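Visitor: For the sequence shown, the UniProt record's numbering gives the first residue as 1, with consecutive numbering after it.
I have a structure here, written as structure tokens, and I will follow up with some questions on it.
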Amino acid sequence: MDESLFKRLELHGDAVVQLNVQYRMNRQIMSLSNSLMYEGRLECGSERTAAALLALPFLRSVQSELTSYAESHPQHDLAWIQATLLPSSPVCFLDCSMVG
Numbered sequence: 001m002d003e004s005l006f007k008r009l010e011l012h013g014d015a016v017v018q019l020n021v022q023y024r025m026n027r028q029i030m031s032l033s034n035s036l037m038y039e040g041r042l043e044c045g046s047e048r049t050a051a052a053l054l055a056l057p058f059l060r061s062v063q064s065e066l067t068s069y070a071e072s073h074p075q076h077d078l079a080w081i082q083a084t085l086l087p088s089s090p091v092c093f094l095d096c097s098m099v100g
């Protein structure tokens, strides 16, 4: 069992087909895998999914709390948290190397 089924299938070129339509990710999220793995061939199969954004139910309340906290604790830079909560930015990369 050292070899997966997919590795065995790769030995038979006609048994493996790379799919180029996906229905799960919004367009911006998909762009990373499209660039890294699919050489730009991946497409969104649904415009609804392609344009979908997360609706955070208490976003305004959380943003208000963060603003209040930042004002009373100016030594803490919370701008990065605000940026990660923006529904209009479905992709963000966070450097966690300093978290410990």
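C-beta atoms are modelled at their ideal positions from N, C-alpha and C, and glycine is treated no differently.
These numbers come from a predicted model, not from an experiment.
Alpha carbon to alpha carbon, how far is Gly58 from Leu85?
Guide: First, the residue type needs correcting, since residue 58 is Phe and not Gly in the sequence shown. Going from the Cα of Phe58 to the Cα of Leu85 covers about 11 Å.
Visitor: Helix, strand or coil: which one does DSSP assign to Glu3?
Guide: Shown here, Glu3 sits in coil according to DSSP, grouped into three states, outside any helix or strand.
Visitor: In chain order, what are the residue ranges of uninterrupted alpha helix (DSSP H) at least 4 long that sit wholly in the UniProt domain "DNA2/NAM7 helicase-like C-terminal" (1-97)?
Guide: 5-10, 27-36, 47-50, 59-72 and 79-84
Visitor: Would you mind stating whether Leu42 and Val21 have Cβ atoms separated by less than 9 Å?
Guide: yes
Visitor: For Cys92, which residues in the same chain have their Cβ closer than 7 Å to its Cβ, ignoring the five residues on either side in sequence?
Guide: Ala83 and Thr84
Visitor: Return the CA-CA distance between Ala55 and Pro87, expressed in angstroms with no decimal places.
Guide: So the two alpha carbons sit approximately 7 Å from each other.
Visitor: In chain order, what residues of the same chain have a beta carbon less than 6 Å from the beta carbon of Thr49, not counting five sequence neighbours either side?
Guide: Tyr23
Visitor: Buried or exposed: where does Met37 fall if 16 or more other Cβ atoms within 10 Å of its Cβ makes it buried?
Guide: exposed
Visitor: Once the 5 residues before and after Leu53 are set aside, which same chain residues still bring their CB inside 8 Å of it?
Guide: So the qualifying residues of the chain are Asn26, Pro87, Ser88 and Pro90.
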